[in-house]
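Going down the list, the protein sequences come from chains A and B.
If you use my numbering, the first sequence corresponds to residues 15 to 311, in order.
If you use my numbering, the second sequence corresponds to residues 77 to 406, in order.
Quick reminder that beta carbons are idealized off the backbone N, C-alpha and C, glycines included.
For clarity, every value in this text was computed on a predicted model and none was experimentally measured.
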Amino acid sequence: MEAVKEVSQISLVSEEKKRSRMSEFWTKWKKQKTAFWAGFFIIFLLLVAVFGPILAPYDPYEPDYDAILQTPSQAHWAGTDEYGRDILSRIIVGAGISLSVSFTSVLVGAVIGTILGLCSGYYGGWLDRLIMRSSDVMFAFPDLLLAIAIVAILGPGLTNVVVAVAVFSIPSFARLIRGNTLAAKEAVFVEAARSMGARSSRIIFRHIFPETVSSMIVFFSLRIGTSILAASSLSFLGLGAKPESPDWGAMLSMGRDYLDTAPHVVMIPGLVIFLSVLAFNLVGDGLRDIMDPKTKN
Amino acid sequence: MSENIIEVKHLQTQFTRDNKKTVVLDNVSFHIKKGEVLGLVGESGCGKSVTSLSIMRLFKDTTGEITNGEIKYKGTNLLSISESSMRGIRGKEISMIFQEPMTSLNPVMKIGEQLMESIRLHLGYSDKQAKEHAISMLTKVGIPRPQEIISEYPHQLSGGMRQRIMIAMAMSCRPNLLIADEPTTALDVTIQAQILDVMKQLQAEEHMSMLLITHDLGVVAEMCNRVVVMYAGRVVEEASVYDLFDDPKHPYTKGLIGSVPKLGQKRSRLDSVPGNVPNPNQMPKGCKFAPRCKEVMPVCWEEEPTITATGSERFCRCWLYREESRDAHV
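Encoded structure:
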């Protein structure tokens, strides 16, 4: 016992190593200039989405036939549409719709896709073949076409848009997580856990799943951009939100008849969609640069 | 003579690759008594680690399968019980320490959580009891400030400390048999000595049996009671540690011991056993060691010798000793 105690006097943890992961993340994040500012834009967008009904200067549904198709002015910062509804108010309230549709759908897709990917990668064999070949079939369809087909079957409406966008997110998540699982299950600590008598479910969720989280977060943020676009497209085609609702895609759809006389009715919602998708993609890229183990130094 | 904790008999393990079956372990038999430390030595690729994986039945995700033989742990054949009963044995009755302390701990789990995982699983302790037990185990293996260490992550510790944690983890449910697969290979020499001390001390305290897999004869001399020498998936010699070093029988063992540099030796090159372990797919017909053997005889190329008793508790697989004792050992 003496020898053992002597050894234990040597302290092995240097202070520098104790720095928390969060502060390390924050330092690296600040270096990603574009993603950093895009992140602020997303936070701003989220706040607008949450407090939309309070922030909106006008009722987004209330028509005002005295002020139709007005260009941006002091009273209406973003102008009005063909029923005289305030476009800014509609965009503010619409942020809630667009973001919640895309978040929910990606979340549902991520959860199901991750579970499928984990099982596929861990168990292998026929289950892996089944899940991966089904994903391949899904990949063979263009994303939007698949979503349109799903909505066509289920009927139009925002809930079905969520389902459609979620369904076409599943295979990408499944494939990504399967790849990570294949790598993680070879790790010695997984074998060590097994040698301690841990059961498969525990190994999957306690030991393998955390290894896949960082790439999932990156993919999640990239995927939100895609799904905002997809949800807007569906609404634009009249398959999503009802035409009178202030959904961004629906606004584009309604405004396209006035493209030559009042272009701002289309341009402003279009610009907002563009900026949101861009912001989510930039944040995703930034996160990838930080979290990708290959680029870690 | 005390009881045997584990008895491995005629173990045969094979791997499949491109539809081709390769026998990696053939007719491996040995036993470990209660409280005994058995060394398993041999060069890389001779089947040492596969032997340990066979005992634990850890062949998931590999093509490995045990095709013959039995592994008796306290009288029950581990090869015939269900996977869930096997899970109950892993970690509780038989536990294992791996070669690489840097990768055998989960990098994203706190030390304490990893330790408590198996304690809760096998001993059914509450969180509080498990935590106390984890701290006491860390103290036993000589970890400084165990209360703080349990809420730290593996990357904050050095290799030697991590290997201590692995030992604490493997010992936490007081197993009857500890399989240590080259526990000190990845560590530097001074840390090696400390780790061996900790293991030796705990082994003696708990009167635990141990299977120590190594290619370091120094470690064998220091730690083991008996030694099994393996070559190309076969046991070639079995002897007590004193007999083995005093009077090695098999030419391979002689070569291994001869290749250890001696104090005062004035030579520019060390002795070595020429050649490599043959590829399992292209084994020579007779004795597998014949191509590298210094004392090779015509019969060696023709037929593989069986393992024979050459003294009390001594066995050797070589034609050289067939005249001395004709009785085949099973």
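Reduced DSSP secondary structure (H/G/I, E/B, other) of residue i
i, result
"residue 472 of chain B", "Outside the shown range of chain B, which is 77 to 406, sits residue 472 of chain B, and nothing can be said about it."
"residue 112 of chain A", "helix"
"residue 198 of chain B", "helix"
"residue 318 of chain B", "helix"
"residue 65 of chain A", "helix"
"residue 385 of chain B", "strand"
"residue 143 of chain B", "strand"
"residue 199 of chain A", "coil"
"residue 357 of chain B", "helix"
"residue 94 of chain A", "strand"
"residue 174 of chain A", "helix"
"residue 278 of chain A", "helix"
"residue 135 of chain B", "coil"
"residue 231 of chain B", "helix"
"residue 75 of chain A", "coil"
"residue 138 of chain A", "coil"
"residue 293 of chain B", "helix"
"residue 53 of chain A", "helix"
"residue 409 of chain B", "No answer is possible for residue 409 of chain B: it lies beyond the span of chain B, which begins at 77 and ends at 406."
DSSP bridge partner residues for residue i (one or two, in chain order)
i, result
"residue 109 of chain B", "B:80"
"residue 143 of chain A", "BP columns for residue 143 of chain A are empty, so no partner."
"residue 91 of chain B", "B:98"
"residue 286 of chain B", "B:113, B:254"
"residue 153 of chain B", "B:148"
"residue 171 of chain B", "B:254"
"residue 304 of chain B", "B:116, B:314"
"residue 100 of chain A", "A:94"
"residue 391 of chain B", "B:314, B:385"
"residue 104 of chain B", "B:87"
"residue 166 of chain B", "B:170"
Contact belief for residue i with residue j at Cβ below 8 angstroms, rounded distance in angstroms
i, j, result
"residue 279 of chain A", "residue 269 of chain A", "4 angstroms"
"residue 340 of chain B", "residue 100 of chain B", "Going by Cβ atoms, the distance from residue 340 of chain B to residue 100 of chain B rounds to 40 angstroms, so no, they are not a contact pair."
"residue 115 of chain B", "residue 296 of chain B", "4 angstroms"
"residue 98 of chain A", "residue 85 of chain A", "With 8 angstroms as the limit, residue 98 of chain A and residue 85 of chain A do not qualify as a contact, their Cβ atoms being about 13 angstroms apart."
"residue 177 of chain B", "residue 231 of chain B", "Not quite, the Cβ-Cβ distance comes to about 12 angstroms (not below 8 angstroms), so this is no contact."
"residue 286 of chain A", "residue 105 of chain A", "6 angstroms"
"residue 238 of chain B", "residue 219 of chain B", "About 10 angstroms; that fails the 8 angstroms criterion."
"residue 113 of chain B", "residue 286 of chain B", "5 angstroms"
Contacts around residue i, its chain only, beta-carbon distance under 7 angstroms, and the 5 residues preceding and following it disregarded
i, result
"residue 177 of chain A", "164, 168"
"residue 206 of chain B", "192, 195, 196"
"residue 20 of chain A", "Bear in mind that the predicted position of residue 20 of chain A carries a pLDDT of just 43, short of 50, making it unreliable; the figure below should be weighed with that in mind. Answer for residue 20 of chain A: no residue qualifies."
"residue 221 of chain A", "203, 204, 207"
"residue 201 of chain B", "195, 209"
"residue 80 of chain A", "98"
"residue 366 of chain B", "360, 372, 376, 377"
"residue 228 of chain A", "305"
"residue 151 of chain A", "none"
Close beta carbons around residue i, own chain, < 8 angstroms, minus the five adjacent residues each side
i, result
"residue 44 of chain A", "50"
"residue 316 of chain B", "301, 302, 303, 389, 390"
"residue 16 of chain A", "For residue 16 of chain A, the predicted structure reports a pLDDT of 46, less than 50, and the residue's modelled location is therefore unreliable. A value from the coordinates is still provided. Hits under 8 angstroms: none found."
Cut-off 6 angstroms between Cβ atoms - residues of its own chain near residue i, not counting five sequence neighbours on either side
i, result
"residue 22 of chain A", "Residue placement at residue 22 of chain A is flagged as unreliable, the pLDDT there being 43, under the threshold of 50; a coordinate-derived value is accordingly withheld."
"residue 110 of chain A", "63, 66"
"residue 80 of chain B", "107, 109"
"residue 122 of chain A", "180"
"residue 314 of chain B", "304, 391"
"residue 142 of chain A", "134"
"residue 300 of chain A", "46, 49"
"residue 312 of chain B", "305, 326, 328, 393"
Straight-line Cα distance separating residue j from residue i
i, j, result
"residue 108 of chain B", "residue 209 of chain A", "20 angstroms"
"residue 39 of chain A", "residue 297 of chain A", "14 angstroms"
"residue 132 of chain A", "residue 154 of chain A", "22 angstroms"
"residue 312 of chain A", "residue 237 of chain A", "Outside the displayed range of chain A (15 to 311) lies residue 312 of chain A, so it cannot be described from this structure."
"residue 332 of chain B", "residue 225 of chain B", "41 angstroms"
"residue 232 of chain A", "residue 192 of chain A", "15 angstroms"
"residue 211 of chain B", "residue 127 of chain B", "32 angstroms"
"residue 60 of chain A", "residue 204 of chain A", "39 angstroms"
"residue 243 of chain B", "residue 256 of chain B", "9 angstroms"
"residue 70 of chain A", "residue 90 of chain A", "11 angstroms"
"residue 387 of chain B", "residue 318 of chain B", "13 angstroms"
"residue 254 of chain A", "residue 95 of chain A", "20 angstroms"
"residue 114 of chain A", "residue 107 of chain A", "11 angstroms"
"residue 283 of chain A", "residue 174 of chain A", "22 angstroms"
"residue 56 of chain A", "residue 235 of chain A", "11 angstroms"
"residue 37 of chain B", "residue 294 of chain B", "Because residue 37 of chain B is not part of the residues shown, which for chain B are 77 to 406, the question remains open."
"residue 171 of chain A", "residue 169 of chain B", "59 angstroms"
"residue 295 of chain A", "residue 78 of chain A", "37 angstroms"
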